[in-house]
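Taking it in order: structure first as structure tokens, then the write-up.
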Amino acid sequence: MLLIKCPWCGERAQIEFTYRGDATVERPDIEADEAQWYDYVYTRDNPRGEHTEWWHHTNGCRKWFKVRRNTWTHEILSSEPGVKKDS
Amino acid sequence: MAKLKSIPSVLLRECEVSLLLQVHGLSVASCGTRLSAFGIEQLPSIGKSIFGDDLLLMSNGPDMWLMQAQERELESTLQQLREALADTDATLTDLSSARLIVQVSGASSRKILKKGCPVDIDSLSGADVVSTVIGHLGVTIHCLGDEFVLYVLQSFGTDFWEWARLNSLEFNI
Amino acid sequence: MGAYRYSYGGQLDRGRPLRFQFDGKQYSGYQGDTLASALLANGVQVVGRSFKYHRPRGVFGMGVEEPSAMVTLRSDARSEPNIRVTEVELYDGLEARSQHCWPGLNFDLGAISNLVSPLLPAGFYYKTFMWPATKWMFYERLIRKAAGFGKSATQPDPDSYSKTFEFCDVLVVGAGPAGLSAAKNAAMSGARVMLLDDAPDGGGRLRFDDERIDDKDADEWLNDTLRYLGSQPNVDVRFRTTAFGYYDQNMVAAVERVFDHLPEPDQGQDRHRLVLIRAKQLVLATGAIERSIPFGGNDRPGVMLASAVRGYAHKYSVACGKKAVVFTNNDSAYATVAALREVGAEVIAVVDSRLQSPGKQALEHLGDTTLMQGSVVIRTKGMRALQAVEVGRLADGENLLGNPQTLRCDLLCISGGWTPSVHLYSHAQGKLSFDESIGAYVPADDKSAIHTAGSITGEFSLEHCLKQGCEAGIESAKQVGCQMPDQPSVPSAPTAQVTGMMPLWLVPQFGHKAKRFVDIQNDVAIEDIELAHREGFVSVEHLKRYTTLGMGTDQGRTSNINGLANLARLRETDIPAVGHTTFRPPFTPVSLGALAGVEFGAHLSPVRRTPLHEWHARNQAHLQNSGVWKRPAYYPRTGESAQDAILRETRHVREKVGITDVSSLGKIDVQGRDAAEFLERIYINRWKSLPIGRCRYGLMLREDGFVFDDGTSTRLSENEFYMTTTTANAGPVLEHMEIYAQTVWPQLHVHLTSISDQWAGMALAGPSSRAVLGALIGEEAASNESLPYMGVSRTRIADVSVLVFRVSFSGELGYEIHIPSKQFELVWETVLAAGKSWDIAPYGLEAMTILRIEKGHVVSAELDGRTTAADLGFERMMKTEGDYVGRRLAERTALVANGRKQLVGVRSVDGSPIPRGAQILAEKSNGMPSKTSGHVSSACYSPHLNKEIGLAMIVDGRQIYGKTMYASSPLTGREVPVEIVHHIFIDPQGERVRG
Amino acid sequence: MKAASKRYSGFSLLRNAISGHQRWSRVWRDPEPKQSYDVVIVGAGGHGLASAYYLAKLHGVKNIAVLEKGWLGGGNTGRNTTIVRSNYRLDGNANFYEHSLKLWEGLSQELNYNVMFSQRGVLNLAHSDSEMESFAIRGNAMRLNGIDAELLLPDQIQRDVPHLDCSQDTRYPIFGGLLQKRGGTARHDAVAWGFARGADSLGVDIIQNCEVTGIRVQGNRVVGLDTSRGSINAGKVGLAVAGNTGRLAAMARLKLPIESHVLQAMVTEPLKPIIHTVVTSGASHVYISQTDKGEVLFGGDLDFYNSYAQRGNLPRIEYVVQSVLTLFPCLRRVRLMRTWGGIMDMSMDGSPIIGKSPIDGLYLNTGWCYGGFKATPGSGWCFAHTIANDKPHPLNEPLNLERFASGALLDEKGSGAFAFSH
Ligand SMILES: Cc1cc2nc3c(=O)[nH]c(=O)nc-3n(C[C@H](O)[C@H](O)[C@H](O)COP(=O)(O)OP(=O)(O)OC[C@H]3O[C@@H](n4cnc5c(N)ncnc54)[C@H](O)[C@@H]3O)c2cc1C
Ligand SMILES: NC(=O)c1ccc[n+]([C@@H]2O[C@H](COP(=O)([O-])OP(=O)(O)OC[C@H]3O[C@@H](n4cnc5c(N)ncnc54)[C@H](O)[C@@H]3O)[C@@H](O)[C@H]2O)c1
Ligand SMILES: Cc1cc2nc3c(=O)[nH]c(=O)nc-3n(C[C@H](O)[C@H](O)[C@H](O)COP(=O)(O)O)c2cc1C
Ligand SMILES: [Zn+2]
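Chains H, Z, L and U, in that order, give the protein sequences.
Letter by letter, the first sequence follows residues 19 to 105 in my numbering.
Letter by letter, the second sequence follows residues 2 to 174 in my numbering.
Letter by letter, the third sequence follows residues 17 to 1011 in my numbering.
Letter by letter, the fourth sequence follows residues 216 to 637 in my numbering.
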């Protein structure tokens, strides 16, 4: 069972979390090209190695945050809050 | 192996509270001393709790608190809090009916929690608050030394008791 | 007890004799025996049959490595197949049966396959059973008859299982000399230590060998160390506990066999416990396992691992034979000579493949037993069990010199060297390197949080095992920041003088070509490996799968390396170039019960219950699953059928007044200065304009433009909305909104809290609902003016503060009353009492389903994740400017093109019921494949219209109202003509709900 | 060697037994890579091998190589739960998988290799009325597409699967089921080996231990590959690398609607067979069968995080086992023998992609999610057609890459653009 580091609650068992995939894709502006929207919703880098991804501390603090994890070794490298509050 | 004693070593008891609130968005800057009328001078850090005047404030995440009282009247307290926090970022949500609250005590209290919670129960000490799972259920655990208070979603209450029954047979409840 | 038990010695409780049965025959043993030692003490030689050829099999090893002595243990609902007798602790009344043989163990008809074994080489089934093409199912039935070893119980197991989560600083796996010294040193530093061992007691090989530590009998050190560890509060020692898998971030999964050593668990106690341990530092001291040697007939009962024979003698005082030969390629087996002598057996010779003489200690053990250097056992002889061996001299390590010599014996103790138990290390993606000196793979290096100590590293001397253990204990304590006392505990043992092992991967044949087995469970012999190689299965992985080498219940512990080495020989390369197959959890087989714990059957996943659950049950409701919830389907009255009850309840709502529990709806509190703006972006329709005290139907999309969920939401105050979602999507919708609130639009001030459990709800519906409400809150407050359609009122019922929404799912005049769930039953009863004069009655989900179909309301059957807002006729709700979730991709060509399936109503033309799940066809299919135009998503008999109706998704359906098509159900052989109509069957103008 | 002497049969087995099995020849060669091929297939899983086989057999392509980074059949082909079925609801899937199922029905004879395709039936259990209703929709759609399907009631199910818990005393009581009798299982390894043998005998070079490390593109046309065994020129390149699609696509600078996830499977110790049907349940997401060797074989959901490691974590194993015991309570004392994982090419709508890529001469075969084993012959057949004609066959036309941009998705579960949700 992975040990996920929540930026607020510390290292916790995977069963407290929900996964949401690639956190490097950015939601485009509503007026952006359909192609950009297609990329945002559908296409993924899908690397073997370091991957930045969304996790949600569903049975915990209910925050979404980004984890940097190696998809080959499952090693967890770092985690950070989803977005700074003042952005 | 020593023969098991026939006295139960875990006690589970449902607790009644008069008020349970989810508080969002309190901050030292905006709330400062606004809660001092309730005996709360400072905000607990994440994963900690403090007691005020018949009021328990537990931090269950960043910018999030559970507030609990045993005696205070719900609607008037809610009103007073709303007034105290007016014009701040804080919001209040009434959850007084939303949780089954269970006190776990006895020599094996940690042992039974370990059977369902993937957190280091042995490392919890007084005033610690942790939201996690027990079995398949979400739970917030408030540690009071060797006693624990669990907050489980009301609709899963029956299931929680079922979980507790299955897992406490060995403690001879 | 038993002809092969020596009269004294061993670590048995001779004061406690035990009786047991094997294949119905009574035997006895002692407390402290394993089933294996007890069978051996009684001279039982044949215990099982091999997988493919049904050859007789006896006890070969003494622990987890045992490949073939498997039985079915216990009986009836507790019967357990494939249990290794070497792992079973004897208890009084134990029952074991042989398996995989018919009619019996000693006369097994399956053994015919041994006679035709030339026809059954590796992979034979891929080459035949293909003709005639239709006959495979017939052949397969025969093959399945031969499959499997034991039989599973057919009744549910009466025992219980549980799980616990543990945390520690240092976890030591294996309580042999290395593990014990690691644990002791880590414990002395004050670290939180856990020590696990598979065996019922600690000590590892120390229990089976005659060793000295600190100049005393090793038992003394062992007992002192166990006593020390047992007395420390920071140490948790668990025996009978197998670490079966290493998982990410240093989590070790173990299973504790709490009660397998007794006939059945004590009252209330669990049989097995799954222990999940998160360790900051892990020390693997899992030891090494002796391996076999491939020579002719090496599978015959009476051929055993030398280390096992030594163990049976030392620990159980059992002589596995009366007249033994030892066959080895290394020094370790010499101790077996001494051990056998101690229990009164005769050792007639040691056959050592090496030309050099063994080390000093080995020669001491040898005593005056004949040593045949540079020699090998070529084959065994005997009927079922061993009677003699043929020994030949090796000329150059490969060819034989002269004629073999026959030695009569009933026991052959073999040692092909030792293979470290690197399983857990390998689960952790640890790299292995091949150590030529021991002929095995060892951990290449320690990882940051994983240390190895003892014979797992390939270091076999006790002296070094102890030393490495100490070092690992000290190092791991240091890593977790614990201070060692000045004096670590470093026990000493005599320095061993050993002569190196000689690789012996294959013994040449002489004359008679007896099978030389590699894997004696799956009957994989050298010729199978040669055949695989010949046919091009030259990768280790292909070899494994083609021959099934190492795929048995022992996972090839004593045999894999022999397979690899022989493949290397055939490929004319070295073993590292061939590689090894992958080690996978579990280390040893784990009961499914232990993995499941309490969460199966009725407890597989949690159930949500409404606050009225007991009330529903008391009132004869038929409760059914609805997502995670249990909800009342209908409330049959005495003598009423389900159908009658459902129709009665439906009519009751249309004609009088009904009440139903809608507590399972998702409810979310949306608060903050930007709450309205936030909803504007979550839903497709407008929210900022919604007045306080009013509610609105909202539809939300996923970002891909398809409909996600719907519900009504209410503005309670300027910055506070009470949102409802469908029952099924309550959780997903909240998570979805959280991601937008927290990460996409964090600048918006909005707080989201699930209040699904806080608020319970009831729908009060029917022509008399206003009258009932009036009786509760006053006629004025309930009037159309005070509480208009889509209006909301905060009021009190039974002195409980409630919310009353003027909304309707049924299409009747109706209200939803939401109440804090702890007061729900009180208010429900109050409403029922008030409604008595209007003949109020509860209704369930089934009636609700009919009511909503009549009204054309959509649910998950229509919102199936493939529909757009426009498909449902909601295109006008979609804002045409501004950002909201899903807007952009909802504009994609295929989502706006013609030819999409649209929501319509269907009405049976001839009055016959519309088949459930029917497909819609333009023409009758008459049972032929046909192109479909859509499908019926929901259908029912409408008591109100007295018609068979349904909702359907039909290609361009809104353009063909009035057309007749066919609702086709080949599954039931029915095809019903239906007319395509508008999806709202009753009150299309909404007069009832607004009136 | 003469073709006839290589044929397998009971007779050849007997003849070889007499000569001590010394005369069997290699099942496939071990050739050195040539400088250049007309078509190179990357990935010697079932799909890659089947594609090469059909290219050579049906489309007369002569100069073909299949490149494999490890050992052939060692990807998901060698680690799946071997269920074969065509019980799909949406036409685009149903027609394709039914074509594949028909190929399965003659595959052992076609390949002269017993792939042990066992039509023991695939039973999907329904645990609620609404699930029965959606099974009815699916079953009716299947029947109208000419595919066999039957809707069963609990008592019929209990008769067919005696040890299944059909009682009410369980979390998800069984309301009925959808049975496809022509569905079943096949021996996974034999499928890879049979296609490899077939392709090899048609002259295809199967090159193992040859990892593709780069895709060379000139203008917008693929011209060759870099591999761990040197550069290879290629007229056309077909990617059939399952979970590694993302890495190969990146070599061609493509970003695809694919994520790699780990899916686990496991077996118990071998038991005398008691489960003779493939049983699957959506409520707890588990699928169970018992192999011809006797192990009970099962799998469940993904581990739910991107992964390239062929190993998973314990919570999934626990839940899968809990689900198995819920259906078959008598197995609690049976023991789990081995667990493993495979890297799944999960697409964003849960359906596969077989077709052209934006680069000329580069073809995609990916997105198989939980269900690509059953597709093996059909996928190879369609992929071969697409590569040979530079145009999809009508059967794989709906399985194009463009559907994600246009919205013409094939989302059987309706769970949207989340790769792990399908
Ligand atoms: C646990 C599990 C259970 C499953 N159960 C079922 C089931 O019951 N029924 C079903 O129909 N499907 C099932 N599947 C799915 C099915 O196994 C796969 O979809 C199918 O086998 C894929 O075949 P393939 O040939 O596309 O891929 P693979 O067999 O994975 O072959 C791809 C090959 O490409 C090679 N490769 C990768 N990168 C490179 C490179 N750079 N250079 C050269 N070669 C490379 C790999 O080594 C591999 O051999 C399951 C999958 C798993 C993991
Ligand atoms: N003379 C030789 O050639 C030779 C060879 C090998 C070992 N030995 C001797 O054996 C001893 C080795 O000491 P050691 O401590 O390294 O090993 P050990 O074999 O004495 O102890 C290992 C212990 O680990 C336990 N174990 C293994 N895997 C486990 C798992 N997954 N879960 C729980 N428990 C598990 C075993 O039950 C055993 O008790 C020394 O005395 C050494 O001299 C000698
Ligand atoms: C259908 C099927 C049946 C299997 N049966 C067995 C088995 O009987 N014994 C065994 O050890 N492994 C069995 N395995 C698992 C393989 O040993 C192996 O774990 C799997 O092919 C994945 O390869 P890997 O573990 O080498 O990565 C089986 C795998 C499959 C797909
Ligand atoms: Zn958290």
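Using N, Cα and C, we set each Cβ at its ideal position, and we do this for glycine too.
Under 7 Å from the C-beta of Z:Asp129: neighbouring residues of chain L: Your numbering for residue 129 of chain Z matches position 128 in the second sequence. Neighbours of Z:Asp129 on chain L: none; closest Cβ ~15 Å, over 7 Å.
Inter-residue Cα distance where the pair is L:Met567 and L:Gly433: Numbered from 1 along the third sequence, position 551 holds the residue referred to as residue 567 of chain L. Numbered from 1 along the third sequence, position 417 holds the residue referred to as residue 433 of chain L. It is roughly 21 Å from the alpha-carbon of L:Met567 to the alpha-carbon of L:Gly433.
U:Ser323 beta carbon less than 8 Å from that of L:Met146: Taking the first residue of the third sequence as 1, we reach residue 146 of chain L at position 130. Taking the first residue of the fourth sequence as 1, we reach residue 323 of chain U at position 108. Yes, the pair counts as a contact, with Cβ atoms nearer than the cut-off.
Environment of ligand 4 in chain order, Cβ to heavy atom below 5 Å: The filter returns H:Cys24, H:Trp26, H:Cys27, H:His75, H:Gly78 and H:Cys79, in chain order.
Secondary structure, beta strand (DSSP E): runs of 3+ residues fully inside the region 235-291 of chain L: With a minimum length of 3 residues, the continuous beta strand (DSSP E) runs that stay inside the region 235-291 of chain L are 251-254, 257-263 and 267-273.
Residue closest to U:Ile602, alpha-carbon to alpha-carbon, out of U:Gly260, U:Lys249 and U:Gly275: Here residue 602 of chain U refers to the residue found at position 387 when the fourth sequence is read from its first residue. Restricting attention to U:Gly260, U:Lys249 and U:Gly275, the CA atom closest to the CA of U:Ile602 is found in U:Gly275.
is_contact[H:Trp26, chain Z] using C-beta, thresh 8 Å: Here residue 26 of chain H refers to the residue found at position 8 when the first sequence is read from its first residue. Yes, H:Trp26 lies at the interface with chain Z (some Cβ there is under 8 Å from its Cβ).
Contact with chain Z by H:Lys84, beta-carbon distance below 8 Å: As a working note, residue 84 of chain H is residue 66 in the first sequence. The C-beta of H:Lys84 comes no closer than 8 Å to any C-beta of chain Z.
L:Ala324 Cβ short of 7 Å to ligand 2 heavy atom set: By one-based count along the third sequence, residue 324 of chain L stands at place 308. No.
Under the three-state DSSP convention, the category Z:Arg111 falls into: As a working note, residue 111 of chain Z is residue 110 in the second sequence. Here Z:Arg111 sits in helix by DSSP.
DSSP bridge partner residues for H:Val101 (one or two, in chain order): As a working note, residue 101 of chain H is residue 83 in the first sequence. H:Val101 is bridged by DSSP to nothing; it lacks a bridge partner.
Cross-chain neighbours of H:Leu95 in chain U, by beta carbon under 7 Å: The sequence position of residue 95 of chain H within the first sequence is 77, counting from 1. Taking the beta carbon of H:Leu95 as reference, no residue of chain U falls within 7 Å; the closest one sits roughly 14 Å away.
Contacts of L:Lys940 in chain Z (Cβ-Cβ under 9 Å): By one-based count along the third sequence, residue 940 of chain L stands at place 924. Residues of chain Z whose Cβ lies closer than 9 Å to the Cβ of L:Lys940 do not exist; the shortest such Cβ separation is about 48 Å.
Backbone secondary structure at L:Thr598 - three-state DSSP: Start at 1 with the first residue of the third sequence, and residue 598 of chain L comes out as number 582. DSSP, read as helix, strand or coil, puts L:Thr598 in coil.
Neighbour-count burial assignment, L:Gln571, 16 or more Cβ in a 10 Å radius: Numbered from 1 along the third sequence, position 555 holds the residue referred to as residue 571 of chain L. The Cβ neighbour count for L:Gln571, taken over all protein chains shown within 10 Å, is at least 16; the residue is labelled buried.
U:Glu484 at chain L interface by Cβ criterion, 8 Å: Counting from one through the fourth sequence, the residue named residue 484 of chain U turns up at place 269. So yes, U:Glu484 belongs to the interface.
L:Ser729 CB to nearest heavy atom of ligand 5 below 7 Å: Inclusion of ligand 5 in the displayed structure is not the case, the ligand content consisting of ligand 1, ligand 2, ligand 3 and ligand 4 alone.
Any 3 or more C-beta pairs closer than 8 Å across the region 338-356 of chain L and the region 420-436 of chain L: Yes: the two stretches touch, three or more of their Cβ pairs being nearer than 8 Å.
With 16 other Cβ atoms within 10 Å as the buried cut-off, status of U:Arg374: Here residue 374 of chain U refers to the residue found at position 159 of the fourth sequence. Answer is exposed; the Cβ neighbour count stays below 16.
Rounded C-alpha distance that separates H:Ser105 from L:Gln763: What you label residue 105 of chain H is simply residue 87 of the first sequence in a count that begins at 1. What you label residue 763 of chain L is simply residue 747 of the third sequence in a count that begins at 1. Annotation note: pLDDT 40 at H:Ser105 (below 50); position unreliable, coordinate value reported separately. Distance between the alpha carbons of H:Ser105 and L:Gln763 is about 7 Å.
Ligand 3 heavy atom lying under 7 Å from the CB of U:Glu283: As a first step, residue 283 of chain U must be located in the fourth sequence, where it is residue number 68. No; taking the cut-off as 7 Å, the Cβ of U:Glu283 has no heavy atom of ligand 3 nearer than that.
Test: H:Gly78 CB closer than 8 Å to a CB of chain Z: Against the first sequence, residue 78 of chain H aligns to sequence position 60. Output row for H:Gly78: interface = yes.
Beta carbon proximity, Z:Lys6 to chain L, threshold 8 Å: In the second sequence, residue 6 of chain Z corresponds to position 5, counting from 1. Reliability of the predicted coordinates at Z:Lys6 is poor, the pLDDT of 48 falling under 50, and the value obtained from them is presented with this limitation in mind. Taking Cβ atoms only, chain L never reaches closer than 8 Å to Z:Lys6, which makes this a no.
Status (buried if at least 16 other CB within 10 Å, exposed otherwise) for L:Leu371: Numbered from its first residue, the third sequence carries residue 371 of chain L at position 355. Exposed: under 16 other Cβ atoms inside 10 Å.
Cβ neighbours of H:Leu95 in the same chain (closer than 7 Å, five flanking residues each side left out): Sequence index remark: in the first sequence, residue 95 of chain H carries index 77 (1-based). If the five residues before and after H:Leu95 are omitted, its C-beta is found closer than 7 Å to the C-beta atoms of Glu68, Arg86, Arg87 and Asn88, all from its own chain and listed in chain order.
Interface residues of the region 276-303 of chain U facing chain L [CB-CB below 9 Å]: From the region 276-303 of chain U, only Gly285, Trp286, Leu287, Gly288, Gly289 and Gly293 have a Cβ closer than 9 Å to chain L.
Per-residue contacts from H:Trp90 into chain U (C-beta, under 9 Å): Start at 1 with the first residue of the first sequence, and residue 90 of chain H comes out as number 72. Result: Ser522, Tyr523 and Ala524.
DSSP three-state assignment for U:Thr495, whether helix, strand or coil: What you label residue 495 of chain U is simply residue 280 of the fourth sequence in a count that begins at 1. In the structure shown, U:Thr495 sits in a strand (DSSP, three-state: E or B).
CB contact below 8 Å: U:Gln373 versus chain L: The residue given as residue 373 of chain U occupies position 158 in the fourth sequence. False, the Cβ-Cβ gap to chain L never drops below 8 Å.
Members of the region 619-635 of chain U near chain H, C-beta cut-off 8 Å: Taken in chain order, the members of the region 619-635 of chain U whose beta-carbon sits within less than 8 Å of a beta-carbon on chain H are Phe619, Ala620, Ala632, Phe633, Ala634 and Phe635.
C-beta neighbour in chain H for U:Leu540, strict 8 Å: If you number the fourth sequence from 1, residue 540 of chain U lands on position 325. Not closer than 8 Å to any Cβ of chain H, the Cβ of U:Leu540 fails to qualify, so no.
L:Ile833 and L:Leu867 closer than 8 Å at C-beta: Residue 833 of chain L sits at position 817 when you count from the first residue of the third sequence. Residue 867 of chain L sits at position 851 when you count from the first residue of the third sequence. Result no, Cβ atoms of L:Ile833 and L:Leu867 do not sit closer than 8 Å.
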